[in-house]
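J.: First, the structure itself, so that you have it in front of you.
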Amino acid sequence: MRFMVCLKPVPEPGTVKVDPKTHTLRRESATLILNPADRYALEAAVELKEKVGAEVTAVMMGPPNAIPLLKEAYACGADNIYLLSDRAFAGSDTLATSYVLSLAVQKLGPFDLIFCGKVSIDGETAQVGPELAAWLNWPSVIWVKDIRPAQNGFEVVRLTDEGEEELEVRPPALFTIEPEINDPRPPSIKRLLEMLTREVPTLTAEDLDADPSHLGLEGSPTRVLDVFTPTYEEKKEILEGPAEEVVEKLVSILKERGLI
Amino acid sequence: MVIDYFLSPEQKLILEVTERIGKEYIAPYALKWDEEETCDPRPLKALALADLFGLFIPKEYGGLGFGTFENCLVIETLSKYCAGVATTFAASGLGAYPILIAGHKGQKEKYLPQIAVGKKLCAFALTEPQAGSDAAAIKTTARKEGDYYVLNGIKQWITNGGVADLYTVIALTDPKKGARGASAFIVEKGDPGFVIGKKEKKMGLRASTTTELFFSNCRIPKERLLGREGMGFIIAMKTLDLSRPGVGAQAVGLAQGALEVALNHARQRVQFGQPVYNFQAVSHTFAEMAMRIEAARALVYSAARFIDSGAKNISAASAMAKAFASDVAMWVTERAVQMMGGFGYMRDFPVEKMMRDAKCLQIYEGTNEIQRNVIARELPKFLKPLEIG
Numbered sequence: 030m031r032f033m034v035c036l037k038p039v040p041e042p043g044t045v046k047v048d049p050k051t052h053t054l055r056r057e058s059a060t061l062i063l064n065p066a067d068r069y070a071l072e073a074a075v076e077l078k079e080k081v082g083a084e085v086t087a088v089m090m091g092p093p094n095a096i097p098l099l100k101e102a103y104a105c106g107a108d109n110i111y112l113l114s115d116r117a118f119a120g121s122d123t124l125a126t127s128y129v130l131s132l133a134v135q136k137l138g139p140f141d142l143i144f145c146g147k148v149s150i151d152g153e154t155a156q157v158g159p160e161l162a163a164w165l166n167w168p169s170v171i172w173v174k175d176i177r178p179a180q181n182g183f184e185v186v187r188l189t190d191e192g193e194e195e196l197e198v199r200p201p202a203l204f205t206i207e208p209e210i211n212d213p214r215p216p217s218i219k220r221l222l223e224m225l226t227r228e229v230p231t232l233t234a235e236d237l238d239a240d241p242s243h244l245g246l247e248g249s250p251t252r253v254l255d256v257f258t259p260t261y262e263e264k265k266e267i268l269e270g271p272a273e274e275v276v277e278k279l280v281s282i283l284k285e286r287g288l289i
Numbered sequence: 014m015v016i017d018y019f020l021s022p023e024q025k026l027i028l029e030v031t032e033r034i035g036k037e038y039i040a041p042y043a044l045k046w047d048e049e050e051t052c053d054p055r056p057l058k059a060l061a062l063a064d065l066f067g068l069f070i071p072k073e074y075g076g077l078g079f080g081t082f083e084n085c086l087v088i089e090t091l092s093k094y095c096a097g098v099a100t101t102f103a104a105s106g107l108g109a110y111p112i113l114i115a116g117h118k119g120q121k122e123k124y125l126p127q128i129a130v131g132k133k134l135c136a137f138a139l140t141e142p143q144a145g146s147d148a149a150a151i152k153t154t155a156r157k158e159g160d161y162y163v164l165n166g167i168k169q170w171i172t173n174g175g176v177a178d179l180y181t182v183i184a185l186t187d188p189k190k191g192a193r194g195a196s197a198f199i200v201e202k203g204d205p206g207f208v209i210g211k212k213e214k215k216m217g218l219r220a221s222t223t224t225e226l227f228f229s230n231c232r233i234p235k236e237r238l239l240g241r242e243g244m245g246f247i248i249a250m251k252t253l254d255l256s257r258p259g260v261g262a263q264a265v266g267l268a269q270g271a272l273e274v275a276l277n278h279a280r281q282r283v284q285f286g287q288p289v290y291n292f293q294a295v296s297h298t299f300a301e302m303a304m305r306i307e308a309a310r311a312l313v314y315s316a317a318r319f320i321d322s323g324a325k326n327i328s329a330a331s332a333m334a335k336a337f338a339s340d341v342a343m344w345v346t347e348r349a350v351q352m353m354g355g356f357g358y359m360r361d362f363p364v365e366k367m368m369r370d371a372k373c374l375q376i377y378e379g380t381n382e383i384q385r386n387v388i389a390r391e392l393p394k395f396l397k398p399l400e401i402g
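Chains A and B, in that order, give the protein sequences. Numbering follows our numbering, in which position 150 of the first sequence is assigned residue number 179; successive positions increment by one, without gaps. Numbering follows our numbering, in which position 236 of the second sequence is assigned residue number 249; successive positions increment by one, without gaps.
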């Protein structure tokens, strides 16, 4: 079996700067860390590989200074690592990003399963995983908290708003992984040392035969109009008067707002 | 760390990974483990997956092939987060050293690869109820019977007792000869007649386990003898020479942790309208703490590098690193509690734990009084009479 894991470099909280013109994140200037949720996706793939025997390929779209993060993925059990990097990718929204990832699947595949983190800590959209599945025309299962090998594929438990759902999944399929699924391992020093002098293969837009109109800002229908810290006002209302009147008023307010 | 030691890229990498293990796998739970006296397997698993149990095991046996210095870097870093977890780690190294020092090829091939991947944890068993500082007074015996040795006796205060899979045990093969009749053996968990005794209730280092070990007609194959009969005491002393800078490193890390926690507090805690760090009595105490820590670190690193150079006369340097740094850690952690006042005394904050942990570093792997004996014994070898005038 062959698994792919999608990894994202994200700015370490506190080091991020926003481009004043495009309102997108200036990733080159920030200290990059592996998106925390992606560590669970990688660990899930590696643990499943250890159970069923598979090859894990970790793919990351990002600037060249994200390479140490891919090396870390190798040290955490990925067998192959690839950076998808091109100036043309800059400013990509989730649609353009998932398009590039889908090209990587075609280039590096075939894969049986794709693992994505549940959500990234910078964009917080949780869209790339399901969008990638859509580009590939694959089924996707989000919020996966357990994966067990089964006869015709995998038994998967996923969280829902109401509780849990158990599904039988036949590959190919894409999972987005819940953090509660595992405890990600630390990197192996032996493998990190191996990576000290090793080059990480990089794929450009040309290598992926990408359609330029789908890339970067041009390929991104999302427009970030502004980035700001939301403020909200607490509205307090103090009801005064005799207890009976106050209770009556309170009940009518609650009814008015549909709360009782 | 005020002074840059110009670590190699490999050493920096080791440090980064260890730091991460400290932050992610130890720091959130250290106070809980101390409170509950738990030797949790999770940080040990993380250390194993990071290959750290193979740090100083030669590459040919599946290790990383580094030395005492790198071992000190790792122990120091772990100790900043929890000296108890660091003890479990370092004591496993202590138990592995005799195999490295005296094991023959077959023994190394059998045990070292498993130790390197963290599959087998080790322990070192020398101390007995009546043989602490006077280690030569051990009474445990190993009688040869055909292809076996039969061990009888009690070992006391053995770190990793019950947790470890492999025990290097010093026992008398020729009781008439005293220390010269001692030999070193590998005893495996589950060997017949080998029983783990009660778990000790300790003042500090409570995330590590300390027990008695009982040997009651414990039969082990004769192939478990390390080196030759009669070499046991030499192997034990060589082992301690190699491991003592590790205790020094533990002390440096522990003291550094206390400094960082207390400094952060002193800069935030406002009394008389300003952070208490602004008061000279407080800031000078911190300056003193930092100076002593840097001095201890410099000594530990120098001793470790001296050992890694292949030098022969390492006993004094090793003893100095251990005694000086652990005395510093005791002083620094006590001051850290004082600098944090009531907060320092509460178990909700880590410095009182650090102070309790520090005490043991002055006691185990040879009390600091014994270290001074070693240093005094060795001094004439290094110093020539200076004649002036």
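From the three backbone atoms N, C-alpha and C, an ideal C-beta is built for every residue, glycine too. What you are looking at is a predicted structure, and each value in this text was computed from that prediction instead of being measured.
Going along the chain, which residues of its own chain have a beta-carbon closer than 7 Å to the beta-carbon of glutamate 201 of chain B, five neighbours each way excluded?
T.: In the second sequence, residue 201 of chain B corresponds to position 188, counting from 1. Once the five neighbours on either side are set aside, the close Cβ partners of glutamate 201 of chain B are Asp178 and Leu179.
J.: When the Cα atoms are used, what is the spatial distance from lysine 100 of chain A to methionine 224 of chain A?
T.: In the first sequence, the residue the question calls residue 100 of chain A occupies position 71. In the first sequence, the residue the question calls residue 224 of chain A occupies position 195. One C-alpha to the other measures close to 6 Å.
J.: Across the segment 66 to 78 of chain A and the segment 202 to 222 of chain A, are there enough close Cβ pairs to call them in contact, namely three or more that are closer than 8 Å?
T.: The way I'd put it, the segment 66 to 78 of chain A does touch the segment 202 to 222 of chain A; three or more beta-carbon pairs between them come closer than 8 Å.
J.: Report the neighbours of leucine 26 of chain B on chain A: residues whose CB is nearer than 8 Å to its CB, in chain order.
T.: For this step, residue 26 of chain B is matched to residue 13 along the second sequence. Neighbours of leucine 26 of chain B on chain A, chain order: Ile218, Leu221, Leu222 and Leu225.
J.: Does the segment 93 to 104 of chain B come into contact with the segment 115 to 129 of chain B, if we say contact requires no fewer than three beta-carbon pairs (one atom in each stretch) closer than 8 Å?
T.: By the Cβ rule, the segment 93 to 104 of chain B does not count as touching the segment 115 to 129 of chain B, because fewer than three pairs are nearer than 8 Å.
J.: Is there a C-beta anywhere in chain B that falls below 8 Å from the one on proline 215 of chain A?
T.: Taking the first residue of the first sequence as position 1, residue 215 of chain A is located at position 186. Between proline 215 of chain A and chain B, the shortest Cβ-Cβ separation is below 8 Å.
J.: Give me the DSSP bridge partner(s) of lysine 212 of chain B.
T.: By 1-based counting over the second sequence, the position of residue 212 of chain B is 199. For lysine 212 of chain B, DSSP records a beta bridge to B/Thr224.
J.: Indicate the three-state DSSP secondary structure (helix, strand or coil) for tryptophan 172 of chain A in the structure shown.
T.: Looking up residue 172 of chain A in the first sequence gives position 143. Reduced to three states, the DSSP call for tryptophan 172 of chain A is strand.
J.: Candidates A/Ile150, A/Phe32, A/Leu77 and A/Lys46: which alpha carbon is nearest valine 39 of chain A's?
T.: Counting from one through the first sequence, the residue named residue 39 of chain A turns up at place 10. Comparing Cα-Cα distances from valine 39 of chain A to each of A/Ile150, A/Phe32, A/Leu77 and A/Lys46, the minimum goes to A/Ile150.
J.: How far does the alpha helix (DSSP H) with cysteine 85 of chain B in it reach, from first residue to last?
T.: Residue 85 of chain B sits at position 72 when you count from the first residue of the second sequence. Counting along the chain, the alpha helix (DSSP H) containing cysteine 85 of chain B begins and ends at 81 to 94.
J.: Relative to the C-alpha of aspartate 175 of chain A, which candidate in A/Ala163, A/Leu165, A/Leu196 and A/Asp190 has its C-alpha closest?
T.: Counting from 1 along the first sequence, the entry for residue 175 of chain A is found at position 146. Selected option, being the one with the closest Cα: A/Leu196.
J.: Given that proline 22 of chain B touches chain A, what residues does it touch there, using C-beta distances under 8 Å?
T.: The count along the second sequence starts at 1 and reaches residue 22 of chain B at position 9. Those are Leu225, listed as they occur along chain A.
J.: DSSP beta-bridge partners for proline 288 of chain B?
T.: By one-based count along the second sequence, residue 288 of chain B stands at place 275. Note: proline 288 of chain B sits in a beta bridge opposite B/Val283.
J.: Taking CB distances under 8 Å as the criterion, tell me whether methionine 257 of chain B reaches chain A.
T.: In the second sequence, the residue the question calls residue 257 of chain B occupies position 244. One point to set straight first is that residue 257 of chain B is arginine, not methionine, in the sequence displayed. For arginine 257 of chain B, the answer is no, since every Cβ of chain A falls outside 8 Å of its Cβ.
J.: I want to verify the contact list: residues of chain A whose CB lies under 9 Å from the CB of isoleucine 34 of chain B, in sequence order.
T.: Position 21 of the second sequence, counted from the first residue, corresponds to residue 34 of chain B. Per Cβ cutoff of 9 Å: Pro215.
J.: How far does the alpha helix (DSSP H) with phenylalanine 337 of chain B in it extend, from its first residue to its last?
T.: Locating residue 337 of chain B in the second sequence gives position 324, counting from the first residue. That run of the alpha helix (DSSP H) goes 328 to 358.
J.: If the criterion is Cβ atoms closer than 8 Å, does the pair alanine 195 of chain B and isoleucine 151 of chain B meet it?
T.: Reading the second sequence from its first residue, position 182 is the one you call residue 195 of chain B. Reading the second sequence from its first residue, position 138 is the one you call residue 151 of chain B. The answer is yes: Cβ separation under 8 Å.
J.: Would you call the segment 374 to 385 of chain B and the segment 294 to 303 of chain B in contact, with 3 or more CB pairs under 8 Å?
T.: no
J.: Is the segment 51 to 62 of chain A in contact with the segment 90 to 97 of chain A, if contact means three or more CB pairs nearer than 8 Å?
T.: yes
J.: What do you reckon, are the CB atoms on glycine 120 of chain A and glycine 270 of chain A nearer than 8 Å?
T.: In the first sequence, counting from the first residue as 1, residue 120 of chain A sits at position 91. In the first sequence, counting from the first residue as 1, residue 270 of chain A sits at position 241. No, these two residues do not count as a Cβ contact at 8 Å.
J.: Quick check: the Cα distance between tyrosine 130 of chain B and valine 176 of chain B, rounded to an integer number of angstroms?
T.: The sequence position of residue 130 of chain B within the second sequence is 117, counting from 1. The sequence position of residue 176 of chain B within the second sequence is 163, counting from 1. In the sequence on display, residue 130 of chain B carries valine and not tyrosine. In this structure, the straight-line span from the alpha carbon of valine 130 of chain B to that of valine 176 of chain B is close to 16 Å.
J.: DSSP state of serine 296 of chain B, grouped into three classes?
T.: Counting from one through the second sequence, the residue named residue 296 of chain B turns up at place 283. Three-state DSSP puts serine 296 of chain B in a helix.
J.: Taking the alpha helix (DSSP H) that isoleucine 27 of chain B belongs to, which residues open and close that run?
T.: Position 14 of the second sequence, counted from the first residue, corresponds to residue 27 of chain B. Counting along the chain, the alpha helix (DSSP H) containing isoleucine 27 of chain B begins and ends at 22 to 34.
J.: Answer with yes or no whether the minimum CB distance from aspartate 53 of chain B to chain A is below 8 Å.
T.: Locating residue 53 of chain B in the second sequence gives position 40, where the first residue counts as 1. With 8 Å as the cut-off, aspartate 53 of chain B does not count as an interface residue toward chain A.
J.: Restricting to runs no shorter than 4 residues, where is the alpha helix (DSSP H) found entirely within the segment 207 to 283 of chain A?
T.: Complete alpha helix (DSSP H) runs here, min 4: 218 to 224.
J.: Assign arginine 369 of chain B to buried or exposed, taking buried as 16 or more other Cβ atoms, counted over all protein chains shown, within 10 Å of its Cβ.
T.: For this step, residue 369 of chain B is matched to residue 356 along the second sequence. Only buried fits arginine 369 of chain B, as 16 or more other CB atoms lie within 10 angstroms of its CB.
J.: Enumerated in chain order, which unbroken segments of the beta strand (DSSP E) with a length of 3 residues or greater are wholly contained in the segment 118 to 178 of chain A?
T.: 142 to 146
J.: Between the segment 62 to 73 of chain B and chain A, which residues of the former have CB atoms less than 9 Å from a CB of the latter, in chain order?
T.: Leu62, Ala63, Asp64, Leu65, Gly67 and Leu68
J.: Any beta carbon of chain A sitting closer than 8 Å to that of valine 30 of chain B?
T.: The residue given as residue 30 of chain B occupies position 17 in the second sequence. Yes, valine 30 of chain B lies at the interface with chain A (some Cβ there is under 8 Å from its Cβ).
J.: For glutamate 73 of chain B, does the three-state DSSP call read helix, strand or coil?
T.: For the purposes of this step, residue 73 of chain B is taken as residue 60 along the second sequence, with counting starting at 1. Of the three classes helix, strand and coil, the one that applies to glutamate 73 of chain B here is helix, per DSSP.
J.: Just to make sure I have the definition right: I need the residues of chain A whose C-beta is within less than 8 Å of the C-beta of valine 59 of chain B. Which are they?
T.: Within the second sequence, numbered from 1, the residue matching residue 59 of chain B stands at position 46. A small fix is needed here, since residue 59 of chain B is alanine in this sequence, not valine. Taking a Cβ-Cβ threshold of 8 Å, the residues of chain A close to alanine 59 of chain B are Arg214 and Pro215, in chain order.
J.: Is leucine 134 of chain B close to chain A? Criterion is C-beta to C-beta, closer than 8 Å.
T.: For the purposes of this step, residue 134 of chain B is taken as residue 121 along the second sequence, with counting starting at 1. Taking Cβ atoms only, chain A never reaches closer than 8 Å to leucine 134 of chain B, which makes this a no.
J.: Using a Cβ-Cβ cut-off of 7 Å (strictly less than) and excluding sequence neighbours within five positions of leucine 107 of chain B, which residues of its own chain qualify?
T.: Numbered from 1 along the second sequence, position 94 holds the residue referred to as residue 107 of chain B. Cβ neighbours of leucine 107 of chain B beyond the five flanking positions: Phe137, Thr252 and Ser256.
J.: Here's the rule: buried if 16 or more other CB atoms are within 10 angstroms of the residue's CB, otherwise exposed. What is lysine 78 of chain A?
T.: Residue numbering aside, residue 78 of chain A sits at position 49 when the first sequence is read from its first letter. Answer is buried; the Cβ neighbour count reaches 16.
J.: Any beta carbon from chain A within less than 8 Å of leucine 226 of chain B's own beta carbon?
T.: Stepping through the second sequence from its first residue, residue 226 of chain B is reached at position 213. Judged by the 8 Å Cβ criterion, leucine 226 of chain B is not in contact with chain A.
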